[in-house]
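Visitor: Let me give you the structure first, and then I'll get to my questions.
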Amino acid sequence: MSATIETYPVPSIYAESEYYLVRAGDTSIPVISFLTDRDYDYAHFSFSGATIITITVCDPIDTYAISPLAFEIQGTVVGNQLSFNLEESRYLIVKINNVKELVLIADPLEESPPPSAGDGIYHVVADYGADPTGTTRATRAIQAAINAANSAGGGVVYIPEGVFLIGNLMLKSHVTLYLKGGAVLTATDHKEDYTIDFHKDSLNLDGTWLIQTEPNSVDISIIGRGTIDGNGSWLRANQNFVSNLIVPLATSNFTIDGIIGRDAGLWSLMPTRSNHVKIMNYKGFQSLVDYEDDAIDIVESQHVLVSHTIAISEDDPFSTKTWNEATDIAKNWPGSPQVLEDVTFDDVIAWTCCAAFKVGMGVEQAQRNIVFRNSYVYQASRAIAIHHRFGTAPAENITFENIDIEQVIHTRNGPYWLQLEIEESGRGIGPVSDILLKNIKVRNQGRLPSMIRGKDEFLIEGVTFNEIYMPGSTEPAVTLEEMNIRRHERYVLTDIR
Numbered sequence: 001m002s003a004t005i006e007t008y009p010v011p012s013i014y015a016e017s018e019y020y021l022v023r024a025g026d027t028s029i030p031v032i033s034f035l036t037d038r039d040y041d042y043a044h045f046s047f048s049g050a051t052i053i054t055i056t057v058c059d060p061i062d063t064y065a066i067s068p069l070a071f072e073i074q075g076t077v078v079g080n081q082l083s084f085n086l087e088e089s090r091y092l093i094v095k096i097n098n099v100k101e102l103v104l105i106a107d108p109l110e111e112s113p114p115p116s117a118g119d120g121i122y123h124v125v126a127d128y129g130a131d132p133t134g135t136t137r138a139t140r141a142i143q144a145a146i147n148a149a150n151s152a153g154g155g156v157v158y159i160p161e162g163v164f165l166i167g168n169l170m171l172k173s174h175v176t177l178y179l180k181g182g183a184v185l186t187a188t189d190h191k192e193d194y195t196i197d198f199h200k201d202s203l204n205l206d207g208t209w210l211i212q213t214e215p216n217s218v219d220i221s222i223i224g225r226g227t228i229d230g231n232g233s234w235l236r237a238n239q240n241f242v243s244n245l246i247v248p249l250a251t252s253n254f255t256i257d258g259i260i261g262r263d264a265g266l267w268s269l270m271p272t273r274s275n276h277v278k279i280m281n282y283k284g285f286q287s288l289v290d291y292e293d294d295a296i297d298i299v300e301s302q303h304v305l306v307s308h309t310i311a312i313s314e315d316d317p318f319s320t321k322t323w324n325e326a327t328d329i330a331k332n333w334p335g336s337p338q339v340l341e342d343v344t345f346d347d348v349i350a351w352t353c354c355a356a357f358k359v360g361m362g363v364e365q366a367q368r369n370i371v372f373r374n375s376y377v378y379q380a381s382r383a384i385a386i387h388h389r390f391g392t393a394p395a396e397n398i399t400f401e402n403i404d405i406e407q408v409i410h411t412r413n414g415p416y417w418l419q420l421e422i423e424e425s426g427r428g429i430g431p432v433s434d435i436l437l438k439n440i441k442v443r444n445q446g447r448l449p450s451m452i453r454g455k456d457e458f459l460i461e462g463v464t465f466n467e468i469y470m471p472g473s474t475e476p477a478v479t480l481e482e483m484n485i486r487r488h489e490r491y492v493l494t495d496i497r
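Note that full-length UniProt numbering gives residue 270 to position 270 of the sequence shown, counting from 1, and the numbers run on in steps of one.
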C-alpha cells in the first residue's frame, strides 16, 4: 500500500535544523530546531500506508539507534544516510553519531478535519481579522471567535497556517479550537499581556494559565496538527515570568488530539479538577535544560486517558498530583481540592532528566486507580516512581504494565530504575498500597540500587512483581536483589514471579 503523506510548513518564528534532512518516500519533511544544542530537533508529518524514511546527516554514519528499541525498527546505512520502513503512526527518537537527537513525529492522518468556512466555522483571519504574520497581537480576535462560537451554542474556531501572537485565552463550552498544520499560537514577549494566576514559590516567579477553560464548562476540544508555543524559555530568562501552557480547569469532556505543546517554561499541560479528559496524538516538547518544566501533569482529575503521546522535559514528563488550597500554584484554582482517580497512560513515550512515569510527590488528596501501560522510557533518572512526599492521603491501586526502559542515566535523584517511597517532608505522610509491576523490561537499571522505602507509620503494602526482566536476562527476576532493589525497608510484598 503506497503512502499518503501530508507535510506542514516551517512557521516563520522557527529555524530549520542544521543537522538533519528527512524524506518520507520522495517527500521532503521539514525539520525544526528546538531551542538549544542541548535539546533536540524534530520532524513532523502525517501519513497513512507504508513509507521509507531516509535521514541524511553531514558526516558518514558510524552509529545509530532508533528508539523506542521495543519497536525493533531495523535501519540501513549507506554513507551519511539512514533508511528504514514505517508502516504505522510512530513517535521515534533517532540518535546518529554524536549529533543531538532527532524526534520523528509520524502522525496518523487527521480524521475529518473541519472546513475553513461554512456554518459553525469561525475563521480567525477571514472573519475576525487576526494577524497571521506574528506582527500584532491576535488575542482579541481569537477570543472574539471563541465567544461567538460559544454564544451560538457551539462551533469550530479555525486557526489557519501562520503565526498568531497571544496573551491569555479562555476556552468555553461546546467550542472546538482547530489548529491547522503550520499554525502556531505563540505567547508574546511581554508579561504585561498576561494575568497573574499564581506565584511559584520554588522559583520565586509569577505565572499565568496561558490557555485555560472557563470553570464549569463542558465539551471543549483542541485538535489539529498545529502548535501552541508558550515562549517559556524566553519569558523565564528575560521577564522572570512562567506559564502553564494549557490548563483544562474545572471542565468536563475535554479532548486534545494531535497538537504540539511546546516550551511552556513551567508545567505545561495540566488537566486540573476536571473529569472525562482525553489526550491523544499529543506531542509535549519541553526544554531538557529548564528545571520544573513537567510536560503532562494530571491534577485532581477523574476518568482521564492519555494515549499515543510523546513527552520530553527536563522534569517529569508524565505524572499525577493532588494538592490543597495552601499549595502555591493551587491557590486560585476554582472549587475545592479533589481526589484523583481512574487515570490511564497508554502507549506513551517519556524522555526526561527526572522521573519518567510518576505518582506524586503531592498526595494531599487520594490518588487511586492509576495505570501506566504499553509505554516506553527513552531516558530518565528514575523510570518508575511512586513518591509520596507531601500530604497524608493514600496512593493506592497503581499499575505499571508492559513498560520498556532503555536508559536510566541522569543523576537528578538517581539514576535507578524504580522508586517506591514514602518520604517525610514536614507536610505529613500517608499510605501507599496495592502496586502491580508486570512485564517490565529493564534494559538499563541505573548506576544506583533501586528502592522500596516505607515508614513505621505506613508500610508500603501489597507490592507485586510479575515478569520483571533485568538487563541481559531472558528469565524474570525472582528476588529483590536480582531486580537491583537493594534499598528496602518497611514494606509488604504480595508476590514475585
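All C-beta atoms, glycine included, are put in the ideal place defined by N, C-alpha and C. Note that the structure is a prediction, hence the values are computed from the model and not measured.
Measuring alpha carbon to alpha carbon, tell me which of Val339, Lys100, Val343 ends up nearest Ser319.
Guide: Nearest of Val339, Lys100, Val343 to Ser319, Cα basis: Val343.
Visitor: Given a cut-off of 7 Å on the beta-carbon distance, is the pair Gly261 and Leu235 in contact?
Guide: Result no, Cβ atoms of Gly261 and Leu235 do not sit closer than 7 Å.
Visitor: Assign Lys191 to one of three DSSP states: helix, strand, or coil.
Guide: Helix at Lys191.
Visitor: Roughly how many whole angstroms lie between the Cα atoms of Cys354 and Val175?
Guide: Rounded to whole angstroms, Cys354 to Val175 spans 36 Å at the Cα level.
Visitor: Give me, in chain order, the residues of the same chain whose beta-carbon lies closer than 6 Å to that of Pro394; leave out the 5 immediate sequence neighbours on both sides.
Guide: Excluding residues within five positions, the ones whose Cβ falls inside 6 Å are Ala366, Gly430, Pro431.
Visitor: Apart from the five residues on each side of it in sequence, which residues of its chain come closer than 7 Å, Cβ to Cβ, to Gly153?
Guide: Here the set comprises His174.
Visitor: Along the alpha helix (DSSP H) that carries Leu249, what are the first and last residues, could you check?
Guide: No alpha helix (DSSP H) holds Leu249; DSSP gives it neither H nor E.
Visitor: How would you call Lys191, buried or exposed, if buried means at least 16 neighbouring beta carbons within 10 angstroms?
Guide: The residue is buried, with at least 16 neighbouring Cβ atoms inside 10 Å.
Visitor: Looking only at its chain, what residues have a beta carbon closer than 8 Å to the beta carbon of Asp434, apart from the 5 residues adjacent to it on each side?
Guide: Within the same chain, Asp434 has close Cβ partners Glu396, Asn397, Ile398, Glu461, Gly462.
Visitor: Please report the Cβ distance between Asp197 and Gly181, rounded to the nearest whole angstrom; I am assuming they are in contact, meaning their Cβ atoms lie under 8 Å.
Guide: Wrong, their Cβ atoms sit about 30 Å apart, outside the cutoff.
Visitor: Nearest by alpha-carbon distance to Gly162: which of Thr392, Ile256, Thr133, Arg486 is it?
Guide: Residue Thr133 is the option with its Cα nearest to Gly162.
Visitor: Going by DSSP, name the residue or residues bridged to Val10.
Guide: In DSSP, Val10 forms no bridge with anything.
Visitor: By the DSSP assignment, the beta strand (DSSP E) with Ser28 in it spans what residues?
Guide: Taken as a continuous stretch (DSSP letters only), the beta strand (DSSP E) holding Ser28 covers 27 to 29.
Visitor: Do the CB positions of Ser425 and Arg453 come within less than 7 Å of each other?
Guide: Taking 7 Å as the Cβ cut-off, Ser425 and Arg453 do not qualify as a contacting pair.
Visitor: Could you spell out the range, first to last residue, of the alpha helix (DSSP H) harbouring Ser233?
Guide: First-last of the alpha helix (DSSP H) with Ser233: 232 to 238.
Visitor: Here's a check: name, in chain order, each residue in its chain whose Cβ is nearer than 7 Å to the Cβ of Val125, leaving out the five neighbours to either side.
Guide: Same-chain partners within the cutoff: Pro132, Pro160.
Visitor: Look at the alpha carbon of Asn98 and the alpha carbon of Gln379, and state the distance between them as a whole number of angstroms.
Guide: So the alpha carbons of these two residues sit roughly 16 Å apart.
Visitor: Check whether the region 297 to 308 touches the region 273 to 287, taking contact to mean three or more Cβ pairs, one atom from each stretch, closer than 8 Å.
Guide: These segments touch.
Visitor: Does the Cβ-Cβ distance between Leu21 and Thr56 come in under 7 Å?
Guide: In this structure, Thr56 lies closer than 7 Å to Leu21 by Cβ.
Visitor: If the criterion is Cβ atoms closer than 7 Å, does the pair Asp328 and His199 meet it?
Guide: Contact flag set, yes.
Visitor: For a quick check, are the C-beta atoms of Ala138 and Leu177 less than 7 Å apart?
Guide: For Ala138 and Leu177, no; Cβs fall outside 7 Å.
Visitor: Taking 7 Å as the cut-off, decide whether the C-beta atoms of residue 502 and Arg373 are in contact.
Guide: Nothing can be reported for residue 502, as the shown portion of the chain is limited to 1 through 497.
Visitor: Using 8 Å as the cut-off, can you tell me whether the region 91 to 110 makes contact with the region 29 to 46, which would need three or more C-beta pairs spanning the two stretches below that distance?
Guide: Touching, yes, given that three or more Cβ pairs across the two stretches are closer than 8 Å.
Visitor: Note down the Cα distance separating Pro449 from Gly258, rounded to an integer number of angstroms.
Guide: If you take the alpha carbons of Pro449 and Gly258, they lie about 38 Å apart.
Visitor: Counting beta carbon pairs with one atom in the region 457 to 477 and one in the region 410 to 429, are three or more of them shorter than 8 Å?
Guide: Counting Cβ pairs under 8 Å, three or more are found: they touch.
Visitor: Leaving out five residues on either side along the sequence, give the residues of the same chain with a beta carbon under 7 Å from the beta carbon of Ser17.
Guide: Here the set comprises Val31, Ile32, Ser33, Asp41.
Visitor: When DSSP labels each residue in this structure, what does Ile142 get in the three-state scheme?
Guide: The answer is helix: DSSP assigns Ile142 an H, G or I state.
Visitor: Taking Cβ positions, are Glu214 and Met170 nearer each other than 7 Å?
Guide: Yes. Within cutoff.
Visitor: Beta-carbon separation of Tyr122 and Gly155 under 7 Å?
Guide: Yes, the pair counts as a contact, with Cβ atoms nearer than the cut-off.
Visitor: If you check the beta carbons only, do Val363 and Ala383 fall under 7 Å apart?
Guide: Against a cut-off of 7 Å, the Cβ pair of Ala383 and Val363 comes out as no contact.
Visitor: Express the C-alpha separation of Tyr19 and Asn413 in angstroms, rounding to a whole number.
Guide: Answer to the nearest angstrom: the Cα atoms are 32 Å apart.
Visitor: Which full runs of the alpha helix (DSSP H) of 4+ residues lie inside the region 97 to 170, going along the chain?
Guide: Runs found: 139 to 151.
Visitor: Comparing alpha-carbon positions, which option in Ala15, Gly25, Asp193 lies nearest Thr7?
Guide: Comparing Cα-Cα distances from Thr7 to each of Ala15, Gly25, Asp193, the minimum goes to Gly25.
Visitor: Using alpha carbons as the reference points, say which of Ser252, Val78, Ser268 lies closest to Asp294.
Guide: Minimum Cα distance to Asp294 is reached at Ser268.
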